[in-house]
Amino acid sequence: MGVLGSGQLGRMFALAARRMGYRVHTFSPDSDTPTGQVADVEVPAEYDDLDAVRKFAAGVRVVTFEFENVPAATAAAAAERALVRPSGHVLHTTQHRLREKTFLSTNGFPTTGFRAVRSVEDVRKAVTELGLPAVIKTASFGYDGKGQSTVKTLAEAEAIVRAAPDVEWIYEAFVDFEREVSVVAARGIDGVISDWGVIENSHRNHILDVSISPADVSAKVAKRASEIARGILEKLDVIGVLCVEFFLTRSGELLVNELAPRPHNSGHLTIDGHVTSQFEQQLRSVCGLPMGSTRQLRPVAMANLLGDLWTDREPNWSAALEHPDLKLHLYGKSEARPGRKMGHITATADSAAEAARIVTQARDRLIQR
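Residue numbering for the sequence shown follows the numbering used here, starting at 848 and increasing by one per position.
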C-alpha cells in the first residue's frame, strides 16, 4: 500500500493495514512523520518531484491519499505506475472549493449560495446577490478554517480581496445553522457503499473539537444525510472513503458544506465505536475487498487533543485515563504547537451524551497538576 501524505490519518490507516498483513509505504516532504513511524518504508521527497513519485508508485500495488492537497500532477504521475484510489479526478474536484461547490450544485446536491470572486467588482456583485454576513474563502488549500473569514460589511469583503489580488476566492452565503454533522462513507470497486450514520460535530476556532455518534437528529434527517452522501460518492465515482460535512439548518434542511476524499477527523471514533473503522474500510475498498460491517458497538464520542494542552508541561495522562472506558490515541508528533492536532481520546457509553461527558471531562483532567 502506498500513501501520499504522512500525517495522523496515514498513521491510523497504516496501523489498520499492517494489522491485516499489508506493508505500507508513505511519501511526503518530511521524515520521522506520524505515518512514517509505523510504515515499512518512508520516502521523503517533494510532491513536485514526479520522478520520485513514479519510483515510489512502482514499488506498491495501490496508492491512496492521506490528505487532499496533493497536487493533481502528483496523482497523475503515481497513476502511471500503480492504481490510484480515489482517482485523480476526485482529488481535482474536492481540493478546490469552487470546483467542489460547482460540482455539487450542478448535480442537484443542496449547498449554500455561492459565487466565484476574482476581483473587487466580483465581491460587490456577490454581496448584492447573496447579502451579508457571509463567508469568504480561498478557493484552494483550505482546512481547519484556514483561508476563510466571516465578513459583516462590504468594506471587510473588499479589503480581503484587495489584500490578495492574485487569489481566487469563493463567497458563500451565511448559514444560521442549528448544528454541524457529517457522514463518513466508503464505496468499493463493486459500487457497494457503507457509512457510519450521522456524526454530530462541534468546533472551536474552526477546528473540530468534539464528535458524537449517533448524532441527535431525527430519523428523517439521518436518512436524508445518508442518501446525499451516497449520491455524492456515486456521482464522483469514488473508490475509497469520503466524508460529507453538512450544516443542519434550524428548519431541518441539510446543506453540504465541504467534502473530504479520505478518512475524516470526525470518523476517528469509528476505531473504538464500530465493528469496522473508517481506516480499515478505506483499506478494504481501495484493495477491492468486501466491506466490513459498520455496526455500532456502543454510542461513542471523541475529543481532539491540541497542542495547547502542552503549554506548560506534559499533560497528566494518568488523570485522564482514570476512566476505564477511555481510549487514548497519540500521533507521534515531536513538537506541540497551539492548534496542532496531537491526538484524540474516545469513550463509549450507554448514550452518546454520556460518552461526550466522559471525553470532555477526561480532557479537562489532562491539565490537572
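The C-beta atom is built at its ideal place from N, Cα and C for all residues, glycine as well.
These figures come from a predicted structure and were not determined experimentally.
Exercise. Looking only at C-alpha atoms, which of Arg1077, His936 and Asp1119 sits nearest to Thr1195?
Worked result: For the purposes of this step, residue 1195 is identified with residue 348 of the sequence shown, where counting begins at 1. Just measuring C-alpha positions, the residue of Arg1077, His936 and Asp1119 sitting nearest Thr1195 is Asp1119.
Exercise. Quick one: is Lys984 buried, meaning 16 or more other Cβ sit within 10 Å of its Cβ, or exposed?
Worked result: Here residue 984 refers to the residue found at position 137 when the sequence shown is read from its first residue. If you draw a 10 Å sphere on the C-beta of Lys984, you find 16 or more other C-beta atoms in it, and that means buried.
For this session: To the nearest angstrom, report how far apart Val1147 and Thr1193 are at their CA atoms.
Result: Position 300 of the sequence shown holds residue 1147. Position 346 of the sequence shown holds residue 1193. The alpha-carbon separation between Val1147 and Thr1193 amounts to approximately 7 Å.
Exercise. Around the C-beta of Gln1215, are 16 or more other C-beta atoms found within 10 angstroms, so that it is buried, or is it exposed?
Worked result: The residue given as residue 1215 occupies position 368 in the sequence shown. That one is exposed.
For this session: Excluding the 5 residues preceding and the 5 following Val1030 in the sequence, name in chain order all residues of the same chain whose CB lies nearer than 8 Å to its CB.
Result: Here residue 1030 is taken as the residue at index 183 of the sequence shown, counted from 1. Annotation for Val1030: Asp1042, Trp1043, Gly1044, Val1045, Ile1046, Ala1072, Ser1073, Ile1075, Ala1076, Cys1090, Val1091 and Phe1093 place their beta carbon closer than 8 Å to its own, counting only its chain and skipping 5 residues before and after.
Exercise. Cα-Cα, which of Gly854, Phe860 and Ala1107 is closest to Pro881?
Worked result: Against the sequence shown, residue 881 aligns to sequence position 34. When C-alpha distances from Pro881 are compared across Gly854, Phe860 and Ala1107, the shortest belongs to Gly854.
For this session: Using alpha carbons as the reference points, say which of Ala864, Asp895 and Leu1001 lies closest to Ala1223.
Result: Because the chain spans 848 through 1216 in this model, residue 1223 falls outside it and cannot be assessed.
Problem set entry | Segment contact, 8 Å Cβ cut-off, at least three pairs: the region 1122-1140 with the region 1150-1167 | With a cut-off of 8 Å, the region 1150-1167 and the region 1122-1140 do not count as touching, because too few Cβ pairs lie within range.
Exercise. Starting from Ser1029 and walking both ways along the beta strand (DSSP E), at which residues does that stretch end?
Worked result: To locate residue 1029, count along the sequence shown from 1; it is residue 182. Going by DSSP, Ser1029 is part of the beta strand (DSSP E) stretching over Phe1024 to Arg1034.
For this session: Hey, could you find the ends of the beta strand (DSSP E) Ile1054 is sitting in?
Result: Taking the sequence shown and counting its residues from 1, one reaches residue 1054 at position 207. From DSSP, the beta strand (DSSP E) with Ile1054 extends over Ile1054 to Ser1060.
For this session: Below 8 Å on the Cβ atoms is my guess for Arg1142 versus Leu1095; work out the distance and round it to an integer in Å.
Result: If you number the sequence shown from 1, residue 1142 lands on position 295. If you number the sequence shown from 1, residue 1095 lands on position 248. Arg1142 to Leu1095, Cβ: 24 Å. No contact.
Problem set entry | Straight-line gap, Ala923 to Arg932 (C-alpha atoms, nearest Å) | Within the sequence shown, numbered from 1, the residue matching residue 923 stands at position 76. Within the sequence shown, numbered from 1, the residue matching residue 932 stands at position 85. If I take the Cα positions, the gap works out to 11 Å.
For this session: Measure the C-alpha to C-alpha separation of His1191 and His1115 and round it to an integer number of angstroms.
Result: Residue 1191 sits at position 344 when you count from the first residue of the sequence shown. Residue 1115 sits at position 268 when you count from the first residue of the sequence shown. Taking the straight line from one Cα to the other gives about 8 Å.
Problem set entry | Cut-off 7 Å between Cβ atoms - residues of its own chain near Arg1212, not counting five sequence neighbours on either side | By one-based count along the sequence shown, residue 1212 stands at place 365. So the list reads Asn1163, Ala1166 and Ala1167, once near-sequence residues are dropped.
For this session: Determine, using beta carbons only, whether Ala929 and Arg908 come nearer to each other than 8 Å.
Result: The residue you call residue 929 lines up with position 82 of the sequence shown. The residue you call residue 908 lines up with position 61 of the sequence shown. Taking C-beta atoms as the reference points, Ala929 and Arg908 count as a pair closer than 8 Å.
Exercise. Would you report the Cα separation of Asp1084 and Val937, rounded to the nearest angstrom?
Worked result: In the sequence shown, counting from the first residue as 1, residue 1084 sits at position 237. In the sequence shown, counting from the first residue as 1, residue 937 sits at position 90. Counting only the Cα atoms, Val937 lies some 8 Å from Asp1084.
Exercise. Are the region 1056-1072 and the region 1005-1015 touching, with three or more C-beta to C-beta distances below 8 Å?
Worked result: No: the two stretches stay apart, fewer than three of their Cβ pairs being nearer than 8 Å.
Exercise. In chain order, which continuous runs of the beta strand (DSSP E) of length 3 or greater are located wholly inside the region 941-1029?
Worked result: Counting whole runs of 3 or more residues, the region 941-1029 contains the beta strand (DSSP E) stretches 961-964, 981-985, 995-998 and 1016-1020.
For this session: Return the chain-ordered list of same chain residues with a C-beta closer than 7 Å to the C-beta of Thr1123, the five sequence neighbours on each side being excluded.
Result: In the sequence shown, the residue the question calls residue 1123 occupies position 276. Taken in chain order, the residues that qualify are Gly1139, Ser1140 and Thr1141.
For this session: Using alpha carbons as the reference points, say which of Val982, Arg1160, Gly852 and Trp1016 lies closest to Arg1184.
Result: Position 337 of the sequence shown, counted from the first residue, corresponds to residue 1184. The candidate whose alpha carbon is nearest that of Arg1184 is Arg1160.
Exercise. Anyone know if the C-beta pair for Ser1113 and Asn1048 falls short of 8 Å?
Worked result: Locating residue 1113 in the sequence shown gives position 266, where the first residue counts as 1. Locating residue 1048 in the sequence shown gives position 201, where the first residue counts as 1. Cβ atoms of Ser1113 and Asn1048: closer than 8 Å.
For this session: Figure out for me which residue from His939, Arg865, Val970 and Leu1144 has the closest Cα to the Cα of Ser1198.
Result: Sequence index remark: in the sequence shown, residue 1198 carries index 351 (1-based). Ser1198 has its Cα closest to that of Leu1144, out of His939, Arg865, Val970 and Leu1144.
Problem set entry | Buried versus exposed call for Val964 [16 or more other C-beta atoms within 10 Å across all chains shown] | Numbered from its first residue, the sequence shown carries residue 964 at position 117. With 16 or more neighbouring CB atoms inside 10 Å of its own CB, Val964 falls in the buried class.
Problem set entry | Residue(s) in a DSSP beta bridge with Phe1093 | Within the sequence shown, numbered from 1, the residue matching residue 1093 stands at position 246. Residue pairing of Phe1093 in beta bridges, as defined by DSSP: Val1028 and Val1103.
Exercise. Mapping DSSP to helix, strand and coil, what is Leu1213?
Worked result: If you number the sequence shown from 1, residue 1213 lands on position 366. DSSP places Leu1213 in coil when its eight states are reduced to three.
Problem set entry | Status (buried if at least 16 other CB within 10 Å, exposed otherwise) for Met867 | Numbered from its first residue, the sequence shown carries residue 867 at position 20. Classification for Met867: exposed.
For this session: Excluding the 5 residues preceding and the 5 following Ala861 in the sequence, name in chain order all residues of the same chain whose CB lies nearer than 6 Å to its CB.
Result: Translated into the one-based positions of the sequence shown, residue 861 becomes position 14. These residues qualify, in order along the chain: Val871, Thr882, Val885 and Ala886.
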